[in-house]
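Student: A single structure is presented below for examination.
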Amino acid sequence: MAVIRKEAYFTSSNGINSIRTLIWQDDEAAPVGVIQIAHGVSEHIGRYDDFARFLAKNGFAVCGNDHLGHGRSVAFDSELGYVFEGDHVNMVRDMNTLHNIMSKRYPGLPYIIFGHSMGSFLARIYSAAFGDRLSGAVYCGTGQLPPAVAALEDPVKAVLDRFAENSNAPASIVHIFELLTKKVLKGDDDFSWLSRSKENIENYKNDPLCGAPMSGALMKELISLAVKASDPSWASRLPENFPVLLISGAKDPIGMNGRGVFAVSDALVAAGIEPEVFLYPADRHEILNEEDNEKVYGDILDFVRAVTDGSFGKN
Numbered sequence: 170m171a172v173i174r175k176e177a178y179f180t181s182s183n184g185i186n187s188i189r190t191l192i193w194q195d196d197e198a199a200p201v202g203v204i205q206i207a208h209g210v211s212e213h214i215g216r217y218d219d220f221a222r223f224l225a226k227n228g229f230a231v232c233g234n235d236h237l238g239h240g241r242s243v244a245f246d247s248e249l250g251y252v253f254e255g256d257h258v259n260m261v262r263d264m265n266t267l268h269n270i271m272s273k274r275y276p277g278l279p280y281i282i283f284g285h286s287m288g289s290f291l292a293r294i295y296s297a298a299f300g301d302r303l304s305g306a307v308y309c310g311t312g313q314l315p316p317a318v319a320a321l322e323d324p325v326k327a328v329l330d331r332f333a334e335n336s337n338a339p340a341s342i343v344h345i346f347e348l349l350t351k352k353v354l355k356g357d358d359d360f361s362w363l364s365r366s367k368e369n370i371e372n373y374k375n376d377p378l379c380g381a382p383m384s385g386a387l388m389k390e391l392i393s394l395a396v397k398a399s400d401p402s403w404a405s406r407l408p409e410n411f412p413v414l415l416i417s418g419a420k421d422p423i424g425m426n427g428r429g430v431f432a433v434s435d436a437l438v439a440a441g442i443e444p445e446v447f448l449y450p451a452d453r454h455e456i457l458n459e460e461d462n463e464k465v466y467g468d469i470l471d472f473v474r475a476v477t478d479g480s481f482g483k484n
């Protein structure tokens with residue numbers, strides 16, 4: 170089997186940026202379903218190449234795009250980490266544009282959304298808005314804001330504006346997040362919270378499209394995403410019996426070492442949806458790139474196969 174990767178661009182919903190997309194497919198077999206990937210903050214869709222090829226080799230057409238302010242969806246590398254107010258909405262709309270492109274290319278196939286980290290918040294919002302077009306969802310490295318924290322959205326954004334000379338100036342308050350992750354995970358590297366794999370950390374640090382400082386504007390959009398995804402009504406807007414897989418490292422500070430993941434699970438159960446939940450004991454944030462990623466890949470494959478063949482929830 171030979172997996173082919175193709176690159177293309179479309180105009181963003183903001184009417185300004187060209188959005189880079191990647192599509193993977195085994196050129197020797199017709200796919201049984203489509204999986205769309207939404208990547209995390211300060212990275213890009215190209216980092217999912219190994220995972221996408223694994224899925225493609227197992228019968229799926231796979232796609233994803235660089236979100237606004239990320240990867241090759243910026244005109245210049247100096248624009249990495251910069252967005253405009255309201256661009257979190259355009260990110261969701263851009264995901265829908267890619268969904269439309271893939272649905273035309275592969276009509277009638279089951280369609281699954283996969284989101285990691287920031288992408289998991291995007292995927293959760295997308296599932297609530299377009300769930301009738303989806304067959305299931307995987308939320309990876311996700312979390313849940315407690316109501317008391319979500320209520321601080323406006324004051325925190327006001328502080329971000331104070332730290333930034335304008336909406337696209339790097340915000341010093343971002344360092345608070347760095348301090349929190351270092352406190353949760355003591356390591357010899359600023360990125361040790363990402364992964365216990367030193368190779369993965371080095372690959373991230375050496376990737377020119379990764380690790381760009383978040384502007385105040387991007388931080389505010391990320392807060393908006395987290396607040397919307399954590400809204401108590403979020404899960405109730407998903408289709409009835411919607412298949413969901415929640416996966417996370419048990420030492421992932423974004424998911425509060427599992428507590429945030431189970432809070433998401435509780436919200437789903439309260440809405441009548443029974444998710445599958447996997448926590449990987451030694452893993453941190455980027456479980457797709459951890460040393461036990463074969464186990465993670467296998468669990469995801471089992472889920473997407475069950476969704477596409479209709480056996481999910483019937484055991």
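With positions in the sequence shown counted from 1, the corresponding number in our numbering is that position plus 169. All C-beta atoms in this analysis are idealised placements derived from N, C-alpha and C, irrespective of residue type, glycine included.
Indicate whether the contact test is met: 3 or more Cβ pairs, each with one atom in the segment 446-464 and one in the segment 401-412, closer than 8 angstroms.
Tutor: no
Student: So, with DSSP's three-state summary, where would you put I294?
Tutor: DSSP places I294 in helix when its eight states are reduced to three.
Student: Name the DSSP bridge partner or partners of R174?
Tutor: In the DSSP output, where bridge partners are listed per residue, R174 has W193.
Student: Short of 6 angstroms in beta carbon distance, which residues of its chain neighbour P450, apart from the five on each side in sequence? Order them along the chain.
Tutor: The answer, listed in chain order, is A419.
Student: Using DSSP bridges, identify the partner residues of A230.
Tutor: V203
Student: Report yes if the C-beta distance between P200 and A177 is below 9 angstroms; otherwise report no.
Tutor: no
Student: In or out: E409 buried (at least 16 other Cβ within 10 Å) or exposed?
Tutor: exposed
Student: Go through its chain and collect everything with a Cβ distance to A436's Cβ below 6 angstroms, but skip five positions before and after it.
Tutor: A404
Student: So, helix, strand or coil for N208, using DSSP?
Tutor: Residue identity differs from the one stated: residue 208 is His in this sequence, not Asn. Coil.
Student: Apply the 10 Å Cβ neighbour rule to V438 and answer buried if 16 or more other Cβ atoms are within range, or exposed otherwise.
Tutor: exposed
Student: Can you find the residues in the same chain that come closer than 7 angstroms, C-beta to C-beta, to L391, ignoring five residues on each side of it along the sequence?
Tutor: V210 and M287
Student: Suppose only complete runs of 4+ residues qualify. What are the alpha helix (DSSP H) ranges in the segment 374-442, listed by chain order?
Tutor: 385-398 and 428-439
Student: For K397, which residues of its own chain have a beta-carbon under 6 angstroms away from its beta-carbon, when the five flanking residues on both sides are left out?
Tutor: I294
Student: Are G238 and V258 close, meaning C-beta to C-beta below 9 angstroms?
Tutor: no
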